[in-house]
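Here's the structure we're looking at; comments come further down.
Chains as they are written, first to last, in our numbering: chain A, 351 to 755; chain B, -2 to 179.
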């Protein structure tokens, strides 16, 4: 047990010896271990979703001064299981005129797109993702989710679903630009695209170096998963349920689970890039402890996401796109250039002076940005719905001609 | 051995997806066939241990080009519906050209000295770094790299000009005028 805590790879080695002892060939053993690892990595987060659903319902309920689920089990903890059973046993309704293959593929791709992010995540020292192009891999895996939502909307044979799909493609593609730019900043600070190296480089968490970048990353990630205030893909008040209007039962549940897991995943990713990942007291000696730290940090960010969901209204589609193209993208570009130039100068100063230099640069950028935004806002024409009308008063006589109302 | 089986499976899938991409009358399904082919390509790169190329393949071809095709389909009315013949009327010529090309390629590969059935040992593990340095090194490819960026910027500005219809836009918030018209 102690050996496992110190070096979790002994478990893999024990399994390998076991399989080899059964007389399997080395190649097949390696494949089997990969498959097993994949199964564990895919099943763990999916089971965690059951808890997330309970937590989110409970938390949002508290924000809205309600109790949330509280009948099934202690604190309503068994409610998600009841929901899962209900969804599993529901009739599987397939509307007329749907595209037979793509309609089925979309929910699967939606979950797969989220699970594909997990192999790149470093869970602890020597555990989990160790891909040398890890950050690029994350961006590549993100495209699967875009396709899943587009396919769901297109194959449903429903114009509201198609509208949702169109918004999806516009929104996700727009927000991918600032996301890639912002992800370059931790890569630049760590001098590596390997996420394990990025975590290892954070003797001081990167959120201390580049707090604005962390904030933009969180905002952009929320837009990428399509949650409030960016949930235009499924804006209930306008287009019913957007891309998943025509989905019911277990297929709907897969979209649902995919979205919840994605929300938690961006929490984990924010933790990896800006909050020191698995780092914490004792995590180097006992890598398993690192998983716990990462989980706690990820959960903290996830709570912020839920908090935003509970407190913000949805923003309008043109505001959404303007926000990305006219605000986040230029700001991300400026931050990237500043970080690149500054880091070249201060990289040899030691950890804390380097962090402070970056922090000060972010303060300057923030001040300038606020001034520009304020100046821009003053130049905006004040939105007027119609000409101001006088209060009702007795008219002396009706005007036969003229332009009055 | 396992790698051979994965290669065979992925190749078979790619051929089937390619057939879907060229024969399906529905443009969205054809696009999805193309996406599957490109994805299979990425898997082949992974089998060759060229991870950077695999990821770049997915980002550029699936994340950018296939999404662009999807954009084009969505912005064009009724193109998403299946209509018209699936084959061009000169399909016989196309078969001749494609067949000739395939035979030529097979012949060439079979007589290629490197194709003795054994793959070379994987390239330098630092090849991503080498590639990145070559792209920005003054004695490398920095000029083509920068020229390509300038070209893309020019295309971007040109696209905006065409999209605005050449008219001048005043003020910080051009949507206002359209809202008034509507």
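For glycine and all other residues, C-beta sits at the position ideal for the given N, C-alpha and C. This structure is a prediction, so every number in the text was calculated from the model and none was measured.
For chain A, find out if any of its Cβ atoms is closer than 9 Å to the Cβ of residue i; answer yes or no.
{"i": "residue 60 of chain B", "result": "yes"}
{"i": "residue 5 of chain B", "result": "no"}
{"i": "residue 48 of chain B", "result": "yes"}
{"i": "residue 192 of chain B", "result": "In the structure as shown, chain B starts at -2 and stops at 179, and residue 192 of chain B therefore has no counterpart that could be examined."}
{"i": "residue 159 of chain B", "result": "no"}
{"i": "residue 156 of chain B", "result": "no"}
{"i": "residue 73 of chain B", "result": "no"}
{"i": "residue 170 of chain B", "result": "Note that residue 170 of chain B scores a pLDDT of 47, beneath 50, so its modelled location is shaky; the value from the coordinates is reported in the next line. Interface residue, yes."}
{"i": "residue 173 of chain B", "result": "In this predicted model, residue 173 of chain B has a pLDDT of only 45, less than 50, meaning its place in the structure is not dependable enough to derive any value."}
{"i": "residue 125 of chain B", "result": "yes"}
Establish whether the CB of residue i and some CB of chain B are separated by less than 9 Å.
{"i": "residue 454 of chain A", "result": "no"}
{"i": "residue 468 of chain A", "result": "no"}
{"i": "residue 638 of chain A", "result": "no"}
{"i": "residue 529 of chain A", "result": "no"}
{"i": "residue 449 of chain A", "result": "yes"}
{"i": "residue 735 of chain A", "result": "no"}
{"i": "residue 584 of chain A", "result": "no"}
{"i": "residue 526 of chain A", "result": "yes"}
Using 10 angstroms around the beta-carbon of residue i, count the other beta-carbons present and answer buried if the total reaches 16, otherwise exposed.
{"i": "residue 130 of chain B", "result": "exposed"}
{"i": "residue 159 of chain B", "result": "exposed"}
{"i": "residue 743 of chain A", "result": "exposed"}
{"i": "residue 581 of chain A", "result": "buried"}
{"i": "residue 708 of chain A", "result": "buried"}
{"i": "residue 628 of chain A", "result": "buried"}
{"i": "residue 108 of chain B", "result": "exposed"}
{"i": "residue 601 of chain A", "result": "buried"}
{"i": "residue 140 of chain B", "result": "exposed"}
{"i": "residue 36 of chain B", "result": "buried"}
{"i": "residue 32 of chain B", "result": "buried"}
{"i": "residue 441 of chain A", "result": "exposed"}
{"i": "residue 106 of chain B", "result": "exposed"}
{"i": "residue 495 of chain A", "result": "buried"}
{"i": "residue 567 of chain A", "result": "buried"}
{"i": "residue 726 of chain A", "result": "exposed"}
{"i": "residue 702 of chain A", "result": "exposed"}
{"i": "residue 1 of chain B", "result": "exposed"}
{"i": "residue 472 of chain A", "result": "buried"}
{"i": "residue 175 of chain B", "result": "Low confidence applies to residue 175 of chain B: its pLDDT is 46, below 50, so where it sits in the model is not reliable enough to give any reading."}
{"i": "residue 721 of chain A", "result": "exposed"}
{"i": "residue 497 of chain A", "result": "buried"}
Quick one: is the Cβ of residue i within less than 8 Å of any heavy atom of the ligand GDP?
{"i": "residue 95 of chain B", "result": "Ligands are entirely absent from the displayed structure, and the ligand GDP is therefore not among its contents."}
Using the beta-carbon of each residue, which ones in chain A are nearer than 8 Å to residue i?
{"i": "residue 20 of chain B", "result": "Those within 8 Å of residue 20 of chain B in chain A number zero; the least Cβ separation is about 15 Å."}
{"i": "residue 1 of chain B", "result": "Neighbours of residue 1 of chain B on chain A: none; closest Cβ ~10 Å, over 8 Å."}
{"i": "residue 32 of chain B", "result": "497"}
{"i": "residue 56 of chain B", "result": "486, 489, 490 and 493"}
At a CB-CB cut-off below 7 Å, which residues of chain A make contact with residue i?
{"i": "residue 68 of chain B", "result": "519"}
{"i": "residue 25 of chain B", "result": "504"}
{"i": "residue 52 of chain B", "result": "483, 486, 487 and 490"}
Anything in chain B within Cβ reach of residue i, meaning under 7 Å, just list it in chain order.
{"i": "residue 500 of chain A", "result": "67"}
{"i": "residue 381 of chain A", "result": "-1"}
{"i": "residue 523 of chain A", "result": "64"}
{"i": "residue 516 of chain A", "result": "71"}
Can you list the residues of chain A that residue i reaches, using a CB-CB cut of under 9 Å?
{"i": "residue 11 of chain B", "result": "Simply none; closest approach about 17 Å."}
Just the chain B side, please: which residues come within less than 9 Å of residue i by C-beta, in chain order?
{"i": "residue 716 of chain A", "result": "The premise fails here: residue 716 of chain A is roughly 21 Å from chain B at the closest Cβ pair, so nothing lies under 9 Å."}
**Message:** Ignoring anything shorter than 3 residues, give me the beta strand (DSSP E) runs that lie fully in the segment 470 to 544 of chain A, in order along the chain.
**Reply:** If we require 3 residues or more, the beta strand (DSSP E) runs fully inside the segment 470 to 544 of chain A come out as 472 to 474.
**Item:** Unbroken stretches of the alpha helix (DSSP H), 4 residues or longer, contained in the segment 574 to 642 of chain A
**Value:** Within the segment 574 to 642 of chain A, the complete alpha helix (DSSP H) segments at least 4 residues long are 586 to 589 and 599 to 624, listed from N- to C-terminus.
**Runs of beta strand (DSSP E) lying entirely within the segment 669 to 708 of chain A, each at least 3 residues, in chain order** = Listed in chain order, the beta strand (DSSP E) runs fully inside the segment 669 to 708 of chain A amount to none, counting runs of at least 3 residues.
**Item:** Within the segment 387 to 447 of chain A, ranges of the beta strand (DSSP E) (whole runs, at least 3 residues)
**Value:** Here no run is fully enclosed.
**Message:** List, from N- to C-terminal side, the alpha helix (DSSP H) runs of 4 residues or more that fit wholly inside the segment 725 to 749 of chain A.
**Reply:** Listed in chain order, nothing qualifies, since the segment 725 to 749 of chain A has no complete alpha helix (DSSP H) run of 4 or more residues.
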